[in-house]
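Q:
Residue numbers (my numbering): 1 to 206.
1) May I ask you to report which of helix, strand or coil DSSP gives residue 92?
2) Once DSSP output is grouped into helix, strand and coil, what is the label at residue 106?
3) Who are the Cβ neighbours of residue 107 in its own chain at under 8 Å, not counting the five residues just before and after it?
4) Go ahead and pull the three-state DSSP assignment for residue 75.
5) So, under 8 Å CB-CB, residue 50 and residue 90 are touching, yes? Tell me the CB distance rounded to an integer number of Å.
6) Measure the Cβ-Cβ separation of residue 52 and residue 101 and say whether it is below 8 Å.
7) Residue 60 lies in the alpha helix (DSSP H); which residues open and close that run?
8) Helix, strand or coil: how does DSSP classify residue 2 here?
9) Considering only the beta carbon of each residue, do residue 46 and residue 97 sit closer than 8 Å?
10) Bridge partners for residue 190 per DSSP, in chain order?
11) Are the Cβ atoms of residue 116 and residue 10 separated by less than 8 Å?
12) Below 8 Å between beta carbons: does that hold for residue 61 and residue 69?
13) Run the CB neighbour count on residue 121, radius 10 Å, all protein chains shown included, and call it buried at 16 or more, exposed below.
14) Alpha carbon to alpha carbon, what distance is there between residue 156 and residue 48?
Below, the structure is given as structure tokens:
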């Protein structure tokens, strides 16, 4: 008398450890509408992926693609999300970090499709973030590179004028070390500015 139910399981490999970077994790959370408070409390990239799998962004993607409001007999999205959550189990293995998604449905094909779509959804969110971040960083670095070329040309011209006026300049080892140290610090500053620029396009100054 009890209707048959079918379970479909998909497993996701542990995310890149770089996702634990606060700025990247916060941007990924913003892309999937995971709350900021929840994001800051997450210590592993796997925990963030689990939250994204539970997010409205991914759930609504499944509801629309498989017309789950009709399947579950729900008029509103919130009711369909509640049904979907009851039919879905998402866990993260503590040792391996592998994330397991199990979906239960009366239709075996739909169960398999929903499990696969969960994986596709989290991949889409992560890929869109990585693409957008890389694009913003490239634009910023290209602009900074042009500025640095201009600064280098100006410095070379000033050095040439100084050499012509005061004779040949022989840079000492100490001065050379200072210049190299300054170059390293400049590179670190540019990297930090690139990250800051990317975050400013996602979040408010506060």
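Don't be surprised by glycine CBs; every beta carbon is placed ideally from N, CA and C.
A: A quick look at the data gives this:
1) The answer is strand: DSSP assigns residue 92 an E or B state.
2) Residue state, collapsed to three classes: coil.
3) Shown here for residue 107: same chain residues with a beta carbon closer than 8 Å to its own, the five before and five after excluded, namely 6 in chain order.
4) Here residue 75 sits in coil by DSSP.
5) Taking C-beta atoms under 8 Å as the contact rule, residue 50 and residue 90 qualify, at a distance of about 6 Å.
6) Taking 8 Å as the cut-off, the Cβ atoms of residue 52 and residue 101 do not count as close.
7) Membership of residue 60 in the alpha helix (DSSP H) is indicated by the continuous run 56-66.
8) Residue 2 falls in the coil class under three-state DSSP.
9) A distance below 8 Å separates the beta carbons of residue 46 and residue 97.
10) Answer is none; residue 190 lacks a bridge partner.
11) In this structure, residue 10 lies closer than 8 Å to residue 116 by Cβ.
12) With respect to the 8 Å criterion, residue 61 and residue 69 are not classified as neighbours on the basis of their beta carbons.
13) Per the 10 Å Cβ criterion, buried.
14) Taking the straight line from one Cα to the other gives about 49 Å.
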